[in-house]
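Heads up, the sequence shown is in the working numbering, so the first residue is 295 and it goes up one at a time.
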Amino acid sequence: MWMKSNKEGDIPMKRDLTTGSPAKQILLFTIPFLIGNLFQQFYNIADMVIVGRTIDSLAYAAVGSTGSLVWFASGAIQSLTVGFSAVTARFVGAGDEERVKRSFAVAIKLSAVISVLMAIACVLLARPMLTLLRTPENLFEPAYQYVVWIFAGLVATALFNLLSNTIRALGDSRTPLYFLIVACVVNIILDIVFITAFRMGTAGAGLATVIAQLISGLLCILYMRKKHPALHLRRRHFSHDGIMNKDLLRIGIPMALLNMVLSIGSVIVQFVTNGFGDLYVSAQVTGSKIETFLTQPLLSFGSAVSVFAAQNHGAKKHQRILDGSKKTMLMCCAWCVIAALILLPFGKFFIRLIAGASVDPIVVDYAYTYILINTAMTFVLSALIVFKSVLQAVGRTTWSMVSGFTEIAGRGGVALLVVALTSAAVVDQSIGFTIVCFSNPAAWLFGLLTVIADYCLMRAAFKRLAAEEAKENAEDAATA
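So this is what it looks like as structure tokens:
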């Protein structure tokens with residue numbers, strides 16, 4: 295493993311994203327992100343698949359029906375820590391080791407407090423939330439037993455995500471991947487042990503997930519102490535720092551709230567789908583799981599370009615940020631074409647692979663409809679992810695936050711339209727479900743229309759700054 299320091303400071307980094315070809319740097323940095331995200335999906339799907347094969351199809355649907363609630367809570371914690379680590383990445387790019395340490399220490403304190411409060415609130419509200427979602431009666435108890443463990447383990451979620459994202463902020467995207475693979479393997483083993491040997495049912499799957507994350511978080515701590523002196527903290531780094539608190543919360547809270555706002559749209563969709571019965575729930579759950587494999591490379595590019603933009607923003611290399619953003623967008627579009635060529639002919643095979651060979655044909659047909667509709671709109675999602683990732687990384691969070699509400703309008707609006715149409719008997723459940731499949735594309739389109747103007751403004755501002763920097767460099771060279 296190789297280490298190097300950036301030009302402006304002595305912070306050891308696995309990959310200095312402020313130099314070299316932007317496209318090559320982002321692509322190489324994305325690969326570990328991508329593998330990690332894919333393992334994260336295997337990690338998530340493992341619970342459903344093992345539950346479905348060792349218990350029954352109702353348990354499969356029950357675990358899947360909690361997806362929007364898990365996204366609401368766990369996704370908020372993950373987004374919060376991504377925001378915190380973006381601040382750390384900025385100080386890495388600036389070569390300011392003292393502020394790297396201080397930002398990390400403050401992030402630990404804030405993550406601990408927020409995750410504990412969220413865990414308490416979510417555990418207490420788990421049953422009311424499942425009731426609000428109209429969770430079918432035959433799915434309710436196994437769904438509760440699973441999700442309450444996920445909620446109780448939010449501190450472990452915060453631990454692993456904060457530490458792994460901070461390691462990535464130093465340009466090391468490989469090590470978090472290794473620890474995520476460990477978490478995935480541990481989760482699968484514990485799933486089998488808790489469900490088949492201890493007969494814990496869906497509760498065993500939830501507990502296995504929490505323990506796996508805790509183990510990987512502890513591995514991150516050991517690795518940091520051994521390999522990253524820039525993250526070795528002293529008591530003084532944990533002292534109160536109002537400015538650093540404000541800086542971290544200014545980035546982290548909007549990203550967490552954005553995730554929660556976005557998940558509300560999914561909660562509305564889940565509410566509508568649950569009303570159609572367990573077959574449609576299984577179709578929506580299976581289709582959305584396959585969709586995540588389609589979108590994970592896009593999210594991985596987004597994560598990589600976010601760190602890239604944060605480091606270069608700290609190094610004041612504004613033109614490089616724009617170049618990297620453009621190249622990332624092109625790579626995302628290339629993936630969309632590849633994914634379509636894979637999913638269109640083989641979509642039903644993947645559905646049966648996840649849901650089981652004996653899955654009801656109705657589930658297969660409607661899950662495939664879900665995949666077709668969402669695959670066709672991934673180009674819109676690509677632009678949304680790249681634009682929002684860059685804007686958030688450079689501190690322009692306002693319109694990204696607003697986009698969360700417009701995405702709710704798109705996703706929730708489609709879902710509520712279905713409720714109105716089916717309630718009035720204008721369409722039946724099958725047509726209603728097909729309309730529900732357009733909820734994500736509608737959200738992506740509404741979100742993109744919201745952030746595109748701010749991205750254009752940022753682009754114009756960065757071009758001016760880049761021109762000024764080029765002029766100053768030319769003058770310095772002339773007088774040297």
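Every residue gets a Cβ at the ideal spot worked out from N, C-alpha and C, and that includes glycine.
- W365 is positioned such that its CB atom lies closer than 7 Å to that of S557.
- Distance check between I667 and each of P655, L588, L751 places L588 closest, using alpha-carbon atoms only.
- Between Q686 and I562 a beta carbon distance of about 24 Å is seen, past the 8 Å cut, so the two are scored as non-contacting.
- Distance check between G498 and each of A380, A651, A353 places A353 closest, using alpha-carbon atoms only.
- The beta-carbon distance between A463 and T382, rounded to whole angstroms, is 4 Å. This is short enough to meet the 8 Å contact definition.
- A residue is called buried when at least 16 other Cβ atoms come within 10 angstroms of its Cβ; N767 does not meet this threshold and is exposed.
- Straight-line measurement puts the Cα of V376 at about 24 Å from the Cα of F673.
- In the DSSP assignment, T728 falls within the alpha helix (DSSP H) that extends over 723-730.
- Beyond the five residues adjoining it in sequence on each side, G361 comes within less than 8 Å, by CB distance, of S560, Q564, V579, S582 in the same chain, given in chain order.
- In its chain, beyond the 5 residues on either side, S467, R468, L471 have a beta carbon closer than 7 Å to the beta carbon of P326.
- Distances from the alpha-carbon of A406 to those of M623, L453, I725, D310 put L453 closest.
- Positions of the alpha helix (DSSP H) runs, each at least 4 residues long and wholly inside the stretch 439-509, are given as 448-463, 468-486 in order along the chain.
- With contacts defined by Cβ atoms closer than 7 Å, L678 and C626 do not form a contacting pair.
- Taking each of N455, M412, A437, I584 in turn and checking the Cα distance to L551, the smallest one comes out for M412.
- When Cβ pairs closer than 8 Å are counted between the two stretches, the stretch 472-492 is seen to touch the stretch 315-335, the count reaching three or more.
- Contact check for S458 against C416 fails: the beta carbons are separated by 7 Å or more.
- G369 is positioned such that its CB atom lies no closer than 7 Å to that of N606.
- For the 7 Å CB-CB criterion, A760 and Q613 form a contact.
- Between Y438 and G500, the gap from beta carbon to beta carbon reaches 7 Å or more.
- Remark: three or more beta-carbon pairs, one from each stretch, lie closer than 8 Å, so the stretch 337-352 and the stretch 644-659 are flagged as touching.
- Take D341, set aside five residues on each side of it, and the residues of its chain with a beta-carbon closer than 7 Å to its own are V357, D485, A499, T503, in chain order.
- Taking C-beta separations shorter than 7 Å and ignoring five residues to either side along the sequence, the partners of T663 in its chain run T728, C731, following chain order.
- Note that the C-beta distance between S733 and V708 is below 7 Å.
- Taking a cut-off of 8 Å for Cβ pairs, the stretch 534-549 and the stretch 688-706 touch, as three or more such pairs fall below it.
- Note on G726: 16 or more other CB atoms within 10 angstroms of its CB, so buried under the neighbour-count rule.
- Within its own chain, the residues whose Cβ lies closer than 6 Å to the Cβ of T622, once the five positions on either side in sequence are excluded, are I320, F595, V599, V680, listed in chain order.
- Cβ neighbours of S597 within its own chain (closer than 6 Å, five residues either side excluded): F327.
- In this structure, DSSP gives G650 a state outside helix and strand, which the three-state scheme calls coil.
- In the DSSP annotation of this structure, L311 is not part of any alpha helix (DSSP H), being labelled neither H nor E.
- When DSSP states are grouped into helix, strand and coil, T580 belongs to the helix group.
- Between H522 and A399, the C-beta spacing is not below 7 Å.
- A check of alpha carbon separations from M518 across I414, L426, K395, A420 identifies K395 as the nearest.
- For R690, the CB contacts under 7 Å within the same chain, skipping 5 residues up- and downstream, are D748, M752 in chain order.
- For the set I584, A604, A633, the Cα lying nearest the Cα of D310 is the one of A604.
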